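Written below as structure tokens is the structure these notes are about.
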Amino acid sequence: MAKVLVYGSGGRDHCLADKYGDSQHVEKVYFMSGNPGVLYTPKGKRGLIELVNIANPDDFGEVAAFCRENKVDLVDVGSENPLSSGLVDVLNDHNIASVGPKQEYTKLESDRSFTNFLLKKTGVGKPEYRVFYDIGQARKYVKNIGYQVVVKANGLAAGKGAIVCDNVEDALAAIDSIMVKKIFGKSGDRVVIEERKYGTEISFFAYLDGKHVLPLKMFCQDYKTAFDSDDIESIEKFGGNLNTGGTGCYCPHKLMSDQLVNRIIREIVNPVVNVIYNEYGWNYKGVVYFGLNLDTDNQLEVFEINVRHGDPEFQVLARKLSTDLFEIGMAVWEGKLDQIQQVWNQQFYVDVIAMEGRSKADRGWNPGYPKRYGKGHQILGLDDLDKGIAVYFAGVETTEEKGLVTWGGRVLHLIAGDKTLEKARKKAYQNIQKIIFVDHKKDGANCMRYRTQIGL
Ligand code: GLY
């Protein structure tokens, strides 16, 4: 039996740990540095998933030493930051099997201008864009461009780096936030200004093993904005409908069909993978995430490429995938993806994210995620959830006094599955209403918030 280490601590990483824990080949999943929510789940309680804290998890030599001492058979790196800091390179230097690209290849996500250039030369559909180092030039461009734009930080921004603009004032403010106020830090030294597109977003994923590609023949849709589209009061109050890293997701996508899957593979996945393997000669082993748009003229275009699974997309895909994740992971490492049969169950899945809402602060109020939010609110109601509901934790912590408490803006994912999307939605929303974040400063009121339109 095998041992797996999942490196990460968010909702996607918890879900990865859970899915490896389902494998018939796996006896132990180490979760580094994990999050303590896992201790409140069945696999955490019985020790199948074990939280691991080492002195310095950012020291990748220490991570490799842990893997060797504990005879870890496979490491899966869930998020972009450790990948772009070179964790996989260090693991591979120690001959430790891993899922995730080497540092050099992560520029697919960490350098939008590099990826846009790659897309342009393959002829893959991509909205018109320009890259700017100079703030004056960027300002001048949006004043004269004559159509709506999206302003993006060039570097990593945890899936939040794109600001969708309605008009020139919005675009100028976005440039200011990214390049002057540096809301995404150094990732905003350069901006990509892209034509705004209307249509339907699709999140599509493929595994690569250095030789083969395994496109997942199932896709989903995430919800990036913080508020429901009809929640005009919140949208106006918080200055536009703020983009987050995701507030919910459902699967299969309403546009899901074999025909569209094949079209995405033919028009997008294969040309990009062809450049990766045959032009760049990259030995890429890991996931490629294609953030796509199908516009009103039926044109497929790429908004972004990332080097890892989506969060929250993986949380619904993992529920729907019946293939053993350890078999996929080992095939990625061994270059045997051509031997994997992907099997999907017949259910629909809805992931609703419980967020920190408005809560009492020492002075005044916290407006809640994605603006300033409180933390340390006790989480209740988990034991009341229906059988079959999955919970993956993101921003949580434990305290001696209160047990499990909120510790971030997006706190937990609640995932329900059923035979139809409508039934899955109903189940998800019935259950999320059982979750309480106790606002201790406001007579124990519930300060949890969620979007109500996931899957609509
Ligand atoms: N759901 C968006 C992302 O993972 O970047």
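The sequence shown maps to residues 357 to 812 in our numbering. Where is the CB? At the ideal position from N, CA and C, for every residue including glycine. Predicted model, so just to flag it, every value in this text is computed and none were measured.
Using C-beta distances below 7 Å, list every residue in its chain close to Leu528, excluding the 5 sequence neighbours before and after it, in chain order.
If you number the sequence shown from 1, residue 528 lands on position 172. Same-chain partners within the cutoff: Arg495, Val498.
Return the Cβ separation of Asp667 and Arg468 in integer angstroms, given the expectation that the two are a contact with Cβ distance under 8 Å.
Numbered from 1 along the sequence shown, position 311 holds the residue referred to as residue 667. Numbered from 1 along the sequence shown, position 112 holds the residue referred to as residue 468. Actually they are not in contact, since the Cβ atoms of Asp667 and Arg468 sit about 19 Å apart, beyond 8 Å.
Who are the Cβ neighbours of Leu443 in its own chain at under 6 Å, not counting the five residues just before and after it?
Within the sequence shown, numbered from 1, the residue matching residue 443 stands at position 87. Result list for Leu443: Phe416, Val433, in chain order.
The alpha helix (DSSP H) that contains Ala494, what's its start and end?
Taking the first residue of the sequence shown as 1, we reach residue 494 at position 138. 491-500 is the span of the alpha helix (DSSP H), which, as asked, contains Ala494.
Across the stretch 448-463 and the stretch 714-726, are there enough close Cβ pairs to call them in contact, namely three or more that are closer than 8 Å?
no
Among Asn662, Asn701, Ser389, which has the Cα closest to the Cα of Leu677?
Here residue 677 is taken as the residue at index 321 of the sequence shown, counted from 1. Checking every option, the nearest Cα to that of Leu677 belongs to Asn701.
With distance defined between alpha-carbon atoms, name the residue in Asn654, Asp774, Ser441, Phe670 nearest to Val644.
Within the sequence shown, the letter at position 288 stands for residue 644. For the residues Asn654, Asp774, Ser441, Phe670, the minimum Cα distance to Val644 belongs to Phe670.
Using only Cβ atoms and a threshold of 6 Å, which residues come within that distance of a heavy atom of the ligand GLY? Order them by chain position.
Gly515, Asp578, Gly601, Gly602, Asn662, Gly666, Asp667, Glu669
Taking Cβ positions, are Cys521 and Val507 nearer each other than 9 Å?
Here residue 521 refers to the residue found at position 165 of the sequence shown. Here residue 507 refers to the residue found at position 151 of the sequence shown. For Cys521 and Val507, yes; Cβs fall inside 9 Å.
Just checking my contact of Gly732 with Met804 at CB under 8 Å: how many whole Å lie between their CB atoms?
As a working note, residue 732 is residue 376 in the sequence shown. As a working note, residue 804 is residue 448 in the sequence shown. About 14 Å separates the two Cβ atoms, so there is no contact after all.
Assigned secondary structure, Trp763 (DSSP; H/G/I helix, E/B strand, else coil)
Against the sequence shown, residue 763 aligns to sequence position 407. Coil.
What ranges does the alpha helix (DSSP H) occupy inside the stretch 506-555, keeping only unbroken runs of at least 4 residues that lie completely in it?
524-531
Determine the DSSP secondary structure at Val360, reduced to helix, strand or coil.
Sequence index remark: in the sequence shown, residue 360 carries index 4 (1-based). Val360 falls in the strand class under three-state DSSP.
Nearest candidate by alpha-carbon position, reference Glu660, set Ile624, Gly456, Phe387, Tyr503:
Position 304 of the sequence shown, counted from the first residue, corresponds to residue 660. For Glu660, the nearest C-alpha among the options comes from Ile624.
In the stretch 397-438, which residue ranges form an unbroken beta strand (DSSP E) of at least 3 residues, counting only runs that do not cross its ends?
405-408, 430-433
Does the contact criterion of 3 or more C-beta pairs under 8 Å hold for the stretch 565-574 versus the stretch 608-625?
yes
For a minimum of 3 consecutive residues, which ranges assigned as the beta strand (DSSP E) are wholly contained in the stretch 710-792?
734-736, 746-749, 752-755, 759-762, 766-774
Cα-Cα, which of Pro413, Glu383, Thr397 is closest to Asp429?
Sequence index remark: in the sequence shown, residue 429 carries index 73 (1-based). Measuring from the Cα of Asp429, the nearest candidate turns out to be Glu383.
Which of helix, strand or coil DSSP assigns to Tyr636
Taking the first residue of the sequence shown as position 1, residue 636 is located at position 280. Of the three classes helix, strand and coil, the one that applies to Tyr636 here is coil, per DSSP.
Which residues in the same chain have their Cβ closer than 7 Å to the Cβ of Phe749, if we skip the five residues on either side of it in sequence?
Taking the first residue of the sequence shown as 1, we reach residue 749 at position 393. So the list reads Gly367, His370, Asn391, Gly393, Val394, Leu768, once near-sequence residues are dropped.
Beta-carbon separation of Phe682 and His381 under 9 Å?
By one-based count along the sequence shown, residue 682 stands at place 326. By one-based count along the sequence shown, residue 381 stands at place 25. Taking 9 Å as the Cβ cut-off, Phe682 and His381 qualify as a contacting pair.
Asp565 bridges to which residues according to DSSP?
Start at 1 with the first residue of the sequence shown, and residue 565 comes out as number 209. Lys641.
Indicate whether His665 and Phe561 have their beta-carbon atoms separated by less than 9 Å.
One-based indexing of the sequence shown puts residue 665 at position 309. One-based indexing of the sequence shown puts residue 561 at position 205. Result yes, Cβ atoms of His665 and Phe561 sit closer than 9 Å.
My understanding is that Ala687 touches Ile788, with C-beta atoms under 8 Å, so please give their C-beta distance in whole angstroms.
Position 331 of the sequence shown, counting from 1, holds the residue named residue 687. Position 432 of the sequence shown, counting from 1, holds the residue named residue 788. Incorrect: roughly 36 Å between the Cβ atoms, too far for contact.
Can Gln809 and Ser590 be called in contact, C-beta distance under 9 Å?
On the sequence shown, residue 809 is found 453 positions in, with the first residue counted as 1. On the sequence shown, residue 590 is found 234 positions in, with the first residue counted as 1. Against a cut-off of 9 Å, the Cβ pair of Ser590 and Gln809 comes out as no contact.
For Tyr386, which beta-bridge partners are listed by DSSP?
Here the question's residue 386 lines up with position 30 in the sequence shown. Per DSSP, Leu361, Glu406.
Pick from Lys567, Gly685, Tyr503, Phe387 that is closest to Pro413, judged by C-alpha positions
Looking up residue 413 in the sequence shown gives position 57. Ranking Lys567, Gly685, Tyr503, Phe387 by Cα distance to Pro413 puts Phe387 first.
Excluding the five sequence neighbours on either side, which residues of its own chain have a C-beta within less than 6 Å of the C-beta of Arg552, listed in chain order?
Counting from 1 along the sequence shown, the entry for residue 552 is found at position 196. Correct list, in chain order: Gln504, Val505, Val506.
Report the residue from Thr679, Gln703, Asp774 whose alpha carbon sits nearest the alpha carbon of Leu693.
By one-based count along the sequence shown, residue 693 stands at place 337. Leu693 has its Cα closest to that of Thr679, out of Thr679, Gln703, Asp774.
Between Phe540 and Tyr489, what straight-line distance do the alpha-carbon atoms span, to the nearest angstrom?
Against the sequence shown, residue 540 aligns to sequence position 184. Against the sequence shown, residue 489 aligns to sequence position 133. Those two C-alpha atoms are separated by around 15 Å.
Look at the alpha carbon of Arg728 and the alpha carbon of Ile771, and state the distance between them as a whole number of angstroms.
The residue labelled residue 728 in the question sits at position 372 within the sequence shown. The residue labelled residue 771 in the question sits at position 415 within the sequence shown. Taking the straight line joining both Cα atoms gives about 26 Å.
Should Ile531 go down as buried or exposed, given a rule of 16 or more other Cβ atoms within 10 Å for buried?
Along the sequence shown, one-based indexing puts residue 531 at 175. By the neighbour-count rule (16 or more Cβ atoms within 10 Å), Ile531 is buried.
For Val752, collect the residues of the same chain with a Cβ closer than 8 Å to its Cβ; drop the 5 residues on either side in sequence, then sort them by chain order.
As a first step, residue 752 is located in the sequence shown; it is residue number 396 there, counting from the start. Within the same chain, Val752 has close Cβ partners Asn391, Pro392, Gly393, Ile735, Leu760, Val761, Thr762, Trp763, Gly764, Val767, Leu768.
Given this structure, state the Cα-to-Cα distance separating Glu550 from Gly800, to the nearest angstrom.
Here residue 550 corresponds to residue number 194 of the sequence shown, with the count starting at 1. Here residue 800 corresponds to residue number 444 of the sequence shown, with the count starting at 1. For Glu550 and Gly800, the distance between alpha carbons rounds to 45 Å.
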